[in-house]
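Each remark here refers to the structure printed beneath this line.
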Amino acid sequence: ARMILDAETSVPSPAVSAGISFRLHLPSTVTLKYDLVICSQALMELKSANERLATINNLWDRVEQGGYLVLAEVGTNAGFHVIAEARDYLIKVCQLEGDEARGDAGGHCVAPCPHESPCPRHAHDTVPCNFNIKYSNFNIQELKSPDSSNEFISYLIFKKEKRKSAGLPRLVETPVKTKTCIYCRLCSAEGNLQEVLARKKEDPELFQLAKRLQW
């Protein structure tokens, strides 16, 4: 990452190691495919939904069969809307591809969604689906501080492969813990927000599992 930053600012940097390469722009041909394509903090810079969806389509075309597309934006309502918009688009594209006579067509949500149903938070909730992450800045003089910081992000990981099994429920809020019970809010494989109460006496295994869960 330091090499890329230096390249973008025209600062001399060490030679790139063998097997590693980077580009400042998308390749002009879609014949080049990648196992992992990442688009972080970029979609909200585009002016319209049409531009965003065209960019997502461009990125998806460059994902190898069995590869992953990762999208991340700031975890505000606006950032979550952009991620939800991208998710809906990718699901529709994969459904159309699945109708074609192509054995390699299709794709599914790997995270954070355990399903391809409409997002219950985007459709029925006012709280964005976001997650609190901890990160450290690069030790670069131009940056204010290399100290650790916290930030909310909304993200999507989409795999170019049909779903083979139901996804596991995903914790979408910090669990509320007491000495005798733990309350968890989950996004289920059925596409619903589900509340689960794990009691220490009645559900000892579930209670111990919930104790270790993090948002």
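Residues in the sequence shown are numbered from 9 upward in steps of one, following this note's numbering.
Quick reminder that beta carbons are idealized off the backbone N, C-alpha and C, glycines included.
Backbone CA spacing between residue i and residue j [nearest angstrom]
i, j, result
"Arg171", "Leu221", "25 angstroms"
"Ser156", "Asn140", "13 angstroms"
"Leu194", "Thr84", "20 angstroms"
"Ile64", "Lys142", "27 angstroms"
"Leu201", "Pro35", "40 angstroms"
"Leu40", "Glu210", "55 angstroms"
Residue nearest to residue i in terms of C-alpha spacing, selected from the options
i, options, result
"Leu164", "Ile99, Glu53, Pro35, Gln103", "Ile99"
"Val90", "His116, Glu59, Cys102, Glu72", "Glu59"
"Lys208", "Gly199, Ser196, Lys187", "Lys187"
Residue i in three-state terms, based on DSSP
i, result
"Leu214", "helix"
"Cys102", "helix"
"Ile55", "The sequence given here places Lys at residue 55; Ile does not occur at that position. Residue state, collapsed to three classes: coil."
"Asn85", "helix"
"His33", "coil"
"Val90", "helix"
Counted within 10 angstroms of its Cβ, other Cβ atoms place residue i as buried (16 or more) or exposed
i, result
"Val135", "exposed"
"Arg95", "buried"
"Val101", "buried"
"Ala218", "buried"
"Pro212", "exposed"
Cut-off 8 angstroms between Cβ atoms - residues of its own chain near residue i, not counting five sequence neighbours on either side
i, result
"Trp223", "Phe139, Asn140, Leu179, Val180, Glu181, Thr182, Pro183"
Own chain residues within Cβ distance below 6 angstroms of residue i, not counting five before or after
i, result
"Val71", "Val45, Leu77, Lys168"
Cβ-based neighbour list, residue i, same chain, cut-off 7 angstroms, excluding 5 preceding and 5 following
i, result
"Asp112", "Bear in mind that the predicted position of Asp112 carries a pLDDT of just 48, short of 50, making it too unreliable to give a figure here."
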